[in-house]
Amino acid sequence: MSRNWFGFVRLCLCLAAILTPLSAFAVNPDEVLHDPALEARARTISAELRCMVCQNQSIDDSNADLARDLRLLVRKRLGDGDTDQQVLDYVVSRYGEFVLLKPRLSEKTLILWGAPIALFIVGGFALAVYARRRAGKPTGKPLSAEEEAELKEILGK
Numbered sequence: 084m085s086r087n088w089f090g091f092v093r094l095c096l097c098l099a100a101i102l103t104p105l106s107a108f109a110v111n112p113d114e115v116l117h118d119p120a121l122e123a124r125a126r127t128i129s130a131e132l133r134c135m136v137c138q139n140q141s142i143d144d145s146n147a148d149l150a151r152d153l154r155l156l157v158r159k160r161l162g163d164g165d166t167d168q169q170v171l172d173y174v175v176s177r178y179g180e181f182v183l184l185k186p187r188l189s190e191k192t193l194i195l196w197g198a199p200i201a202l203f204i205v206g207g208f209a210l211a212v213y214a215r216r217r218a219g220k221p222t223g224k225p226l227s228a229e230e231e232a233e234l235k236e237i238l239g240k
């Protein structure tokens with residue numbers, strides 16, 4: 084094999100190492116529950132909750148101390164027998180709706196969910212109006228009698 088091939092492979096491996104999210108290791112081994120089913124539920128809930136320090140990461144991805152505390156709280160509540168919804172409701176009652184990465188549909192968040200759809204509809208309507216107006220306008224001046232005769236001659240009519 085050529086040196087170029089090995090250089091390409093080495094570059095790909097370096098990029099993969101750089102782009103691998105280190106946040107995958109945010110959950111410490113001492114936080115992991117012994118029951119795999121409970122751990123899977125805890126991971127699912129943690130992925131839905133926003134880290135209040137980072138604000139653009141879930142608590143499952145964040146290394147912040149508050150995120151660690153919330154992960155432990157989620158696991159403790161699940162261990163105590165709470166349902167997933169009860170855990171989410173408890174965290175929301177303490178931190179507000181902002182803690183949810185995907186806000187619930189309510190009167191407060193209706194504009195958040197409806198605005199993209201409304202903008203898409205308005206944009207489509209504006210595009211249709213623009214296209215209709217543009218199609219109705221003549222694109223140039225009409226041909227003169229000489230040009231029409233020349234065109235008919237070229238087309239063989």
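Residues in the sequence shown are numbered consecutively from 84, following the numbering used here. We put the beta carbon where it would ideally sit given N, CA and C, even for glycine. Small disclaimer: the values here were computed from a predicted structure and weren't measured.
Do leucine 161 and alanine 125 have their C-beta atoms closer together than 8 Å? As a position in the sequence shown, residue 161 is number 78, starting the count at 1. As a position in the sequence shown, residue 125 is number 42, starting the count at 1. Yes.
Do the stretch 121-136 and the stretch 85-94 touch if we need at least three Cβ pairs shorter than 8 Å? No, because fewer than three Cβ pairs between the stretch 121-136 and the stretch 85-94 fall closer than 8 Å, the two stretches do not touch.
So, at 7 Å on beta carbons, what are the nonlocal neighbours of tryptophan 196 in its own chain, with the 5 sequence-adjacent residues on each side left out? In the sequence shown, residue 196 corresponds to position 113, counting from 1. Excluding its 5 nearest sequence neighbours in each direction, tryptophan 196 has C-beta neighbours in its own chain below 7 Å: Leu188, listed in chain order.
Rounded straight-line distance, which links the Cα of arginine 215 to that of phenylalanine 208: Taking the sequence shown and counting its residues from 1, one reaches residue 208 at position 125. Taking the sequence shown and counting its residues from 1, one reaches residue 215 at position 132. For phenylalanine 208 and arginine 215, the distance between alpha carbons rounds to 11 Å.
Same chain only: Cβ atoms within 8 Å of lysine 191, ignoring 5 sequence neighbours per side: Counting from 1 along the sequence shown, the entry for residue 191 is found at position 108. Glu180, listed in sequence order.
How big is the Cα-Cα spacing for aspartate 148 and phenylalanine 203? Along the sequence shown, one-based indexing puts residue 148 at 65. Along the sequence shown, one-based indexing puts residue 203 at 120. Whole-angstrom Cα-Cα distance: 40 Å.
Verify whether the separation of the beta carbon atoms of isoleucine 128 and aspartate 167 is less than 8 Å. In the sequence shown, the residue the question calls residue 128 occupies position 45. In the sequence shown, the residue the question calls residue 167 occupies position 84. Cβ atoms of isoleucine 128 and aspartate 167: closer than 8 Å.
Locate the alpha helix (DSSP H) running through proline 186, then write down its first and last residues. Within the sequence shown, the letter at position 103 stands for residue 186. Neither: proline 186 is in no alpha helix (DSSP H) and is coded neither H nor E.
Under the three-state DSSP convention, the category serine 129 falls into: The count along the sequence shown starts at 1 and reaches residue 129 at position 46. Here serine 129 sits in helix by DSSP.
List the residues that DSSP assigns as beta-bridge partners of serine 145. In the sequence shown, the residue the question calls residue 145 occupies position 62. Per DSSP, serine 145 has no beta-bridge partner at all.
Segments of 4+ residues assigned as alpha helix (DSSP H) that fall wholly inside the stretch 190-235: Within the stretch 190-235, the complete alpha helix (DSSP H) runs of at least 4 residues are 193-219.
Rounded to a whole number of angstroms, what is the C-alpha to C-alpha distance between leucine 183 and arginine 177? Within the sequence shown, residue 183 is the residue found at index 100, counting from 1. Within the sequence shown, residue 177 is the residue found at index 94, counting from 1. Just so you know, the alpha carbons of leucine 183 and arginine 177 end up roughly 12 Å apart.
On the three-state DSSP scale, how would you describe glutamine 140? Translated into positions along the sequence shown, residue 140 becomes position 57. In the three-state reduction of the DSSP assignment, glutamine 140 falls in the coil class, being assigned neither a helical nor a strand state.
So is serine 145 buried or exposed if we call it buried at 16+ other beta carbons inside 10 Å? Sequence index remark: in the sequence shown, residue 145 carries index 62 (1-based). The residue in question, serine 145, is buried, as its Cβ has 16 or more Cβ neighbours within 10 Å.
For glycine 164, which of helix, strand or coil comes out of DSSP? As a first step, residue 164 must be located in the sequence shown, where it is residue number 81. In the displayed model, glycine 164 falls within coil according to three-state DSSP, outside both helix and strand.
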